[in-house]
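J.: Got a structure for you, questions after.
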Amino acid sequence: MATDNNHDAEPAGTAPDPIADRSLSGPLLIATILLFGSLLWALYDELFAERPWKRYQEQFVRTYSAFLEKLGPRQAAAEKTVRSSPAFQKIEAQLQSAEREASPRIREIEKELAGIRERLAILKNPFQDTRARIAVLTYELDHAGAGRAKDAIRAEIREVRKGPFRIEGLDSGGKRVALTFDEMEKQFGDLKSREAALNTELARITAPLRDLRRQRSEYLADNLAGLSPQQIEGLQRANRDSKIEIRQIHVEEAGLVDRCESCHLGIRQSVTLTAADMGNPVFVSHPNRTLLAIHDPTRFGCSPCHNGNGLATSSVQKAHGNYRHWLWPLFPKENVEAGCLQCHFGDRVLDYAPVLERGRDLFEGKGCIGCHRYEGFDRPTEQLNEVRKEAQSLETRQKEARLEAEQEVRKGDAAESNEEAQKHYARAESLRVTASSIDARLESLEQRAKYLMQDQKKVGPNLKDVRLKLRKEWIPVWLRDPQAFRPGTKMPKFRLAEEEVRALSAFIWQSGLDGPAPPRQAPGNAAAGKELFETRGCLACHSIGQPAVGGEFAANLSRLGEKAGYDYIVRWIHNPRERTRPYCPHEKRDLGPEDYAKHGQPFVFDLQNSRCPNDGHQLQVQNLTVMPSLRLSDQEARDVASYLLSLRTNASYADGVAWMDDPRMAERGRQLASRYGCGSCHEIRGLEDAPRIGTELTKEASKPMEQLDFGLLEHKAKDEGWYTHKGFFERKLRDPAIYDQGREKAPEERLRMPNIALTRDDVRALNTFLLGSVDSPFYGKFNSIPAQFRYIPSDRRKDIQEGWWLVKKYNCMGCHTVQIGQPSVLSGLPRYQDPDWKEQLPPTLVQEGARVNPDWLARFLANPAISQAETNRNGIRTYLKARMPTFSFSPNEIRVLVRFFQALADQPVLHLAEEMQPLNSQERLLARALFSSEGAPCLKCHLVGDANRDRFATAPNFLAARERLKPAWTARWMLEPQAISPGTAMPSGLFRQDGGRWVFAGPTPASFKEYKGDHVQLLVRYMFQLTAEEQRQLLQKLPTAPAKPAGAAAGMR
Amino acid sequence: MRETRGAIFATALVLAMAAGCGGSRDTAKAPAEETAGAPEGAVWKPAGDEGTVTGKVSFKGTAPKYRAISMDADTVCAAKHKSPVHPETVVVNGNGSLRNVFVYVKSGLEGKNFAVPDQPVELDQEGCIYKPHVLGMQARQNIKVVTSDDTTHNIHPLPKVNREWNVSQPPGADPIIRSFTRPEATIPVKCNQHPWMRAYIHVVSHPFYAVTGEDGTFKLEGLPPGDYEIEAVHEEYGASTQKVSLAAKGTASADFSFSPTQARRPSSLITLPALVLGCCGDR
Amino acid sequence: MPEPQEAKSSALLDKAREEIRDLVQDLKKPQETQLWKSIFRVKHDRTEPRTRALGVLANVFLHLHPARINRDAVRYSYTWGMGGISFYLFLVLTFTGVLLMFYYHPTKVQAFRDILYLEHDVPFGKLLRNMHRWAAHLMVIGVWLHMFRVVLTGSYKKPREFNWCVGVILLVLTLLLSFTGYLLPDDQLGFWAVTVGTNMARATPLLGHEGPLGPELGMTPFNDVRFALLGGSIVDANALLRAYIWHCIAIPLIAATFMGVHFWRVRKDGGISGPSPVMLESEMKPVRKLR
Amino acid sequence: MDWAQVWEIVSLPDNIPIVAIAVLVPFYTWYAARQARATDRLIAQLEADPQMAKTHHRKIHPFRPGWARELPVWPYLLRIEFLAALVVTLILMVWSITLNAPLEEPANPNHTMNPSKAPWYFVGLQEMLVYFDPWFAGVVLPTLIIVGLMVFPYVDTNPLGTGYYTIRQRRVALAGFGIGFFIWLALVFIGTFVRGPGWMWFWPGQTWDHTRVVYEVNRNLPDLFGITNAWLQAILGIIAIAVFYAGSAWGIHKLVTRSELDRKIYERTSLTQYVVFQFFAITILVGLPAKMLLRLLFRIKYVLVTPWLNV
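Protein chains in written order, with the working numbering: chain W, 1 to 1053; chain V, 1 to 283; chain B, 1 to 291; chain E, 1 to 311.
If you want it as structure tokens, here you go:
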């Protein structure tokens, strides 16, 4: 714009007016064009840039049609083969002959029906018309006033009914007939009922045809892998006709809109699509159709499990929720199972979520739970606290009630009237009753406390016994680097300075109990011990050697000889639960003989004698270890201990550890032990009630990012793109001190979390577990959580999950296969690869609930030896070297386990034994004959109680069946054991079907010619009514084996 | 007005562009898709230039002595034998060669499909002993298990790769016909009722295998020319391989040798009393 | 009787022909039609100044302006166009705002989701929201610059003092409009901005429960001025609804009223203030009030 | 220098308007100053040459006698307005297509944002919270500003400078408004670009660190003198404020009566007008920066400490 003020420099009048004469067209045109351009840009943005899914859909339609094109001929050929198979041809032939047979009658019926329908059509109009007229007249009659009026109407009705109605074409001649209404009505009714009768007949005749057709199509569907050509054609048509449009799942109740399928078009296709098929991993089918069927996407959507922003379609990043302000980013593929945990937080073991399960195993097994509370883990301890609190408040209430009762009595005594006194006395009575009823409640609480104390376990060993158990100079070596001494151990490496190591060692050493010392033991036979160790089942939990052979549930014992004392280990192996001194949680100290002596009691404490002599409270009478007693004899225990103590390297240990007795060091060590939370995993004198030192992790993944302390790495994390929960957990797990990097901190302020030996997969599993640990699921994501999103385990499912916690706690899967597809640790050991040792594997527990009587199971779990007297044996499979240990489960846990097995096999909670039909004497003879016949192999493998025969036995005694088994299961087992327990020594094909019954497949004794009953049922009944006496008689009938005593034949090396 | 017209124009333009791009992409993609589908492998047919591999499996050292099998668990079995029966674990022939060694082409035939013989291989149970003791078969070929005994057996193969089964066979029962679908070297077969009974089935993907017999030799005929790895497997002494090169219509030889020091099973494993009593009293 | 019939039909034809002729006539000269005249009151004729002026006077849009204007006031350099731009942005905001209202529910359950839908679902929804937001920011800037210009050209001086005051009120209203809109997406940004903003109201002297003398007058979190603003003691559903009503109805109405006054006063105060001829110091009449 | 951080803050969609202001305000200031200088030159010319003053059309814009003094609004003004509307729409379109309006996490009362900032145009007020108690910064001060703006035309008694850009004729008014405008903008800039997590002071380029710890002990004025008695504290505060007002009033008076013209204008002012002017000038234009400096440089929190209110 002109700012020129030199106004008179130019000649007047001639110059054009700079404002009035200037055209603005140029700028206007440019602005208009630019604006138009911006509109085009907006349009492009709206149609393409913001709609990347359109390109995905185009690509999908293209590749998918090519894929189907290729699939079509393949499936057509497959269908052709199925159609030409004899079975199909047979059905086809049957169908054709049936059709031929039925067709004349069908034609007849159809012809007649056609005639009837024609006549009905003719009759219908006049009939219905007249009926309507009569109905109207009847209505008028009802509402007409006087008698005369009614009469008139009646007459009219009569007139109408009389007709006559002239109707043409009713019969074949085509004559016109005159009918009254009644005649018409009758004829109409007759025709109708004839029509119904014919239809029924038609249905009856065609039923077998329909059946055969259904069979034919079912056969085709069953035998054709994949889709039929028709189905493929349907898919092709659908694909051709598919429009480019948003595909969304809308769950109204949840306010959920998921449009994932706008790009992931292959997810729910009925053909399985792979990345190779489609050339793009975006289009693959969902990898697990079973899961998809359970969590039907039309009811659940996608984002409730996978997270991400289901609504967004403008970019991959937005849709996956991988941007700063979206609180639920897509779970990374490797942690996808975290999604399961959001709802299934109480479930210990989940099908299809092995990584998550591994994460939980690690969380429990590596002792994370020692420092970090996590809801559901270590329940006994938490419940114990609750029980104690409740008991305390009850005691207070009781005291108050008693006091008040006394006051009431006093008030009553002083009352003015009798009525009033009575009122007070009554109130006092009721208070007294209340107080005493609290006693009952307290007792049950005490019982619960006792059981819970029995259930309570610690991750690490009891350190009160260090003086009795350990070599003094070994302790600092261990503390310096546990992984160096025992690679893979649960004990993590605390980043301790030498001074701290010394202080801690001194504290642990000095806090140990001095006695009573375990009894001195004579040395055992290490070679026998080795054999015992390898065959009794120790390797299901423990491992030996490097690389380790055996289970990773418990310690690797390779260098036990360098650390432990013989006497203590013997006692430990004999019964690991045996405590040196009982611990009184009330007095918070370990009791000694002197406490018992004070009250004139012997120093005896066990589950039966678990009350404190001083105050009557429940004592902790067991070591808090999950290690069970294997019921070894004293000699066996000595042998195993001798073997284990012989395991050592020639590492040398410094002698000068006098400082371990310095009380000042111990005091410092005590502070350190509290700081590092040693008491969380170990029992340590003085630190029994030490709280968990770590953060609770139950909802860790819902913590706002700002609350995760990345330390100085925050900006690096942001720059490198791992400023996420996953990034935080991952690095923290790999290097727990990482967020202290570069920070100046006093030693006591540094991060305490120790270095845990974790592999990449371990970190992934734990990360999956942590990422799924969220606040109430979907918080803020939906308006409200609709019913179908809630996961409330039913009784059965709840029982199963409760059981899994215990199965995992005691490592049942070390010896047993609990679920199909889950190998036990033992079954993987080299020894059990040998065909002969396979029978020595502990039984699989698949369908255990269906197999055994729950009452028996409860008894067995309480005492696997079955017998009170002879404990050094297996109760039911005495031929097994591996031994079912005595876990001393509390009744709580036994109940949970029994219910677990019942629920797993879908058995009713309450077991009522089936009624057994008694055998008559003839049947008994028959059964006995069959059992002992040449062809019957039963007694070759099953225990019979005869020492000579039992040498070869690889199966339990039939005598136990009555109490132990369920008859229905036994019958099924005899018929098809391989279907119940694949790979079992019990062969299939022992019986064959004969008419409606099962008969023994081999040669049967002559007496069976007349027997028409079911052989399996007969044998089951015999088995369940077998007595010891009967068994003896049975054995006598057997061809006697040449009696070679077992010992003589033993060329055992 | 201008905006609407603009919108229509833009849509038309963009659609035209999209159509153009789409078309060109289609043509570009077509040939790639054709090559993607690999043809199914055709069944191999002999071309006439096949050769033979022969060899002998010798044994060095002293053969272990086995105690006679005690068949007192089943009198029927015991009755069938007049003389004591010894385990067939290590059988050394008179000429110093090793019997019951399974020899097969371990590698060199990859990518070829071989027709599955219609004839099943047969495993007999006679006198509570499996005959033959070592058996080779092709994957998907049928195995027919027959019994010649008057006692009930059960056939229990213990594969690791294939599916495990365990079927009872009473005297006079129909033969059991089964098959193994995947190649697997050494599937032990046992009878749970007669613990000494043992057979070894080797499942391979081709017909080029042999089991050494009384002279300890083997012959793999009809092999197409090429370089092969031949493996000899013995139940006790494990496996040993050799490389051979076969010219058209040529012959090649591969001799193997086993000695007791090669025992592959750790001895501590064999301590079950039933076994000690029964079969393999060990070397 | 064929004749009369023929006559009748030919008469009909003639009438139709006439009609069509009229229609063509109308189409040729649309300005002559009744429809045209009913809409455009005055014939637009560039040649005659009077009708030209009338054309302007009869036009509602042109009514905001005088018919003629100081020739230099047309220049951008003087006005910067900021007042007009602000008003234009207000119109844009009203337009986009009304469209947004179709898609928005001021409830805790729906609000945030509605924004998500706008972003991903509604055709041009994202553009709409962006335009509304950025137009709001631009309007604040525009109003500020307008005020800046008015100060620099001394346009607030007599006789425009009152219109300046109206302008200040409009500035405050603009800020309030923007501020109330901030909460509506119901996200963290808006929530905390509004929390911070309204927390100041707590401290209002006399009327806030944390303000000087507030508690002494019986102010609690549940009856003070902040409670009145939020409809509760925390920023929640009621606050959302209040913000919505203020943002969409109350403040726009008030602002529109004041705008009317503002524009009217611009004309009544003598139109746009300049560029006017400079006044010289020497021409200033001495007035002595203070010495 | 943490350039990534600088870019992150500057490119935040909600901060774009402030960046725009940072460009627009200097530009328009320069644009106005250019015209003002031209006008001032013209005024000087005319003052010096009374003859010319009589004939000159007295505008910096060119004028020829043949030109119309007034132009019809249609089309001359409206076409420009139309162009402006087009350009604004264009800017708005491009801005809206390229930058998305922010949408953060759903509101969560349990999770405080750090820093949680008011919209940028109120960030100045939020920044004032550092220097004053909420009742003052949040309520009294905005009221004072609004009222101050409203009384502005009533206390400015200068008849010169209506309708054209000038500096020499309106030094006091322009300085007054300019200082106020500048303070306001400065506060907005500080609040947006300098205040980081915990509302801590981060120099531009310094990394915004959530965990940063600063040592900042604030004192009250009486503490400097060791006065603990409430009455004495209050009295001291009142004295300090009174002294400050008196001193500032004297200083401002000196400034507004410096030149001849200023004195003339001053004489046209009534006492009420002058007192009102002085009050707002001292409180907002001097008091505000003074308090800020006290706080930022000397860490003095309150000057006046009483049991009811503190300043």
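Positions of the beta carbon are idealized from the N, C-alpha and C atoms, including for glycine.
Closest Cβ-Cβ distance between ALA28 of chain V and chain W: below 9 Å?
T.: Position 28 of the second sequence, counted from the first residue, corresponds to residue 28 of chain V. Note on ALA28 of chain V: pLDDT 35, under 50, position unreliable in the model; the coordinate value appears next. It does not; no Cβ of chain W falls within 9 Å.
J.: Quick one: complete beta strand (DSSP E) runs, 3+ long, within the region 463-550 of chain W?
T.: none
J.: Which whole-angstrom value describes the C-beta separation of GLN521 of chain W and ASP595 of chain W, a residue pair presumed to lie in contact below a C-beta threshold of 8 Å?
T.: Along the first sequence, one-based indexing puts residue 521 of chain W at 521. Along the first sequence, one-based indexing puts residue 595 of chain W at 595. GLN521 of chain W to ASP595 of chain W, Cβ: 27 Å. No contact.
J.: Using the DSSP secondary-structure output, state which residues sit across from PHE1000 of chain W in a beta bridge.
T.: Looking up residue 1000 of chain W in the first sequence gives position 1000. The partner list for PHE1000 of chain W (beta bridge, DSSP) reads W:PHE991.
J.: Using a Cβ-Cβ cut-off of 6 Å (strictly less than) and excluding sequence neighbours within five positions of LYS103 of chain V, which residues of its own chain qualify?
T.: Walking along the second sequence from the start, residue 103 of chain V turns up at place 103. According to the sequence displayed, residue 103 of chain V carries Val and not Lys. Answer for VAL103 of chain V: ALA210, PHE218 and ALA232, listed in chain order.
J.: Closer than 8 Å, Cβ to any Cβ of chain E: which residues of the region 19-44 of chain W, in chain order?
T.: ILE19, ALA20, LEU24, PRO27, LEU28, ALA31, THR32, LEU34, LEU35, SER38, LEU39, TRP41 and ALA42
J.: Taking just the CA atoms, how far does ARG571 of chain W sit from PRO518 of chain W?
T.: By 1-based counting over the first sequence, the position of residue 518 of chain W is 518. By 1-based counting over the first sequence, the position of residue 571 of chain W is 571. One Cα belongs to PRO518 of chain W, the other to ARG571 of chain W, and the distance between them is close to 7 Å.
J.: Specify the secondary structure class of PHE218 of chain V as computed by DSSP and reduced to three states.
T.: Reading the second sequence from its first residue, position 218 is the one you call residue 218 of chain V. PHE218 of chain V: strand per DSSP, three-state reduction.
J.: Would you verify that the beta carbon of TYR302 of chain E is, or is not, closer than 9 Å to some beta carbon of chain W?
T.: Position 302 of the fourth sequence, counted from the start, is the residue given in the question as residue 302 of chain E. No, its Cβ sits nowhere closer than 9 Å to a Cβ of chain W.
J.: Is it right to say GLY310 of chain W is buried, meaning 16 or more other beta carbons lie within 10 angstroms of its own, or is it exposed?
T.: Counting from one through the first sequence, the residue named residue 310 of chain W turns up at place 310. Looking at its Cβ environment, which holds 16 or more other Cβ atoms inside 10 Å, GLY310 of chain W is buried.
J.: On a CA-only basis, which of B:LEU170, B:PHE191, B:ASP186 and B:MET279 is nearest LEU253 of chain B? Give me that one, please.
T.: If you number the third sequence from 1, residue 253 of chain B lands on position 253. Out of B:LEU170, B:PHE191, B:ASP186 and B:MET279, B:LEU170 has the C-alpha closest to the C-alpha of LEU253 of chain B.
J.: With a CB to CB cut of under 6 Å and the five nearest residues on each side skipped, what residues in its chain are close to PHE208 of chain V?
T.: Walking along the second sequence from the start, residue 208 of chain V turns up at place 208. Excluding sequence neighbours, PHE208 of chain V sits near VAL105, LEU220 and LEU223.
J.: When Cβ atoms are compared, which residues of the region 300-328 of chain W fall closer than 7 Å to chain B?
T.: LEU311, ALA312, THR313 and SER314
J.: For GLU50 of chain W, would you say it is in contact with chain B, using Cβ-to-Cβ distances shorter than 9 Å as the test?
T.: Counted from its first residue, the first sequence places residue 50 of chain W at position 50. For GLU50 of chain W, the answer is yes, since a Cβ of chain B falls inside 9 Å of its Cβ.
J.: Excluding sequence positions up to five away, which residues of its chain have a Cβ less than 6 Å from the Cβ of VAL278 of chain B?
T.: Taking the first residue of the third sequence as position 1, residue 278 of chain B is located at position 278. Answer for VAL278 of chain B: no residue qualifies.
J.: Kindly indicate the opening and closing residues of the alpha helix (DSSP H) around ALA293 of chain W.
T.: The residue labelled residue 293 of chain W in the question sits at position 293 within the first sequence. Here the alpha helix (DSSP H) through ALA293 of chain W covers 289-294.
J.: Using a Cβ-Cβ cutoff of 8 Å, what residues of the region 269-291 of chain E are near chain W? List them in chain order.
T.: none
J.: Where does LEU71 of chain W sit, in a helix, a strand or coil, going by DSSP?
T.: Here the question's residue 71 of chain W lines up with position 71 in the first sequence. Of the three classes helix, strand and coil, the one that applies to LEU71 of chain W here is helix, per DSSP.
J.: With 9 Å as the threshold, decide whether the Cβ of GLN169 of chain E is near any Cβ in chain B.
T.: Taking the first residue of the fourth sequence as position 1, residue 169 of chain E is located at position 169. Chain B contact via Cβ: present.
J.: Where does ASP124 of chain V fall in DSSP's three states?
T.: Against the second sequence, residue 124 of chain V aligns to sequence position 124. It is a strand residue.
J.: Counting only beta-carbon separations shorter than 9 Å, does GLU245 of chain W have a partner in chain B?
T.: For this step, residue 245 of chain W is matched to residue 245 along the first sequence. With 9 Å as the cut-off, GLU245 of chain W does not count as an interface residue toward chain B.
J.: Could you compute how far the alpha carbon of THR306 of chain E sits from the alpha carbon of PRO286 of chain B?
T.: The residue labelled residue 306 of chain E in the question sits at position 306 within the fourth sequence. The residue labelled residue 286 of chain B in the question sits at position 286 within the third sequence. Distance between the alpha carbons of THR306 of chain E and PRO286 of chain B: 47 Å.
J.: Tell whether a beta-carbon distance below 9 Å holds between HIS320 of chain W and GLY339 of chain W.
T.: Along the first sequence, read from residue 1 onward, the residue named residue 320 of chain W stands at position 320. Along the first sequence, read from residue 1 onward, the residue named residue 339 of chain W stands at position 339. For HIS320 of chain W and GLY339 of chain W, no; Cβs fall outside 9 Å.
J.: Using a C-beta cutoff of 9 Å, does ILE238 of chain E count as contacting chain B?
T.: Mapped onto the fourth sequence, residue 238 of chain E falls at position 238. For ILE238 of chain E, the answer is no, since every Cβ of chain B falls outside 9 Å of its Cβ.
J.: By Cβ distance, which residues of its chain are closer than 6 Å to PRO476 of chain W, with the 5 residues on each side in sequence left out?
T.: For the purposes of this step, residue 476 of chain W is taken as residue 476 along the first sequence, with counting starting at 1. Excluding sequence neighbours, PRO476 of chain W sits near VAL501 and SER505.
J.: Using a Cβ-Cβ cut-off of less than 7 Å, list which residues of the region 250-271 of chain E approach chain B; keep chain order.
T.: Taking 7 Å as the Cβ-Cβ cut-off against chain B, the residues of the region 250-271 of chain E that qualify are LEU261, LYS264, TYR266, GLU267, ARG268, THR269, SER270 and LEU271.
J.: According to DSSP, is PHE900 of chain W part of a helix, a strand, or is it coil?
T.: On the first sequence, position 900 is the one that residue 900 of chain W refers to. Correct three-state label for PHE900 of chain W: helix.
J.: In three-state DSSP terms, what is PRO891 of chain W?
T.: On the first sequence, residue 891 of chain W is found 891 positions in, with the first residue counted as 1. Helix at PRO891 of chain W.
J.: Pull up the distance between the alpha-carbon of HIS295 of chain W and that of CYS302 of chain W, whole angstroms please.
T.: If you number the first sequence from 1, residue 295 of chain W lands on position 295. If you number the first sequence from 1, residue 302 of chain W lands on position 302. Cα to Cα, the separation comes out at about 9 Å.
J.: Closer than 8 Å by C-beta to ILE249 of chain B: which residues in its own chain qualify, once you throw out the five before and the five after it? Chain order, please.
T.: Within the third sequence, residue 249 of chain B is the residue found at index 249, counting from 1. Excluding residues within five positions, none has a Cβ falling inside 8 Å.
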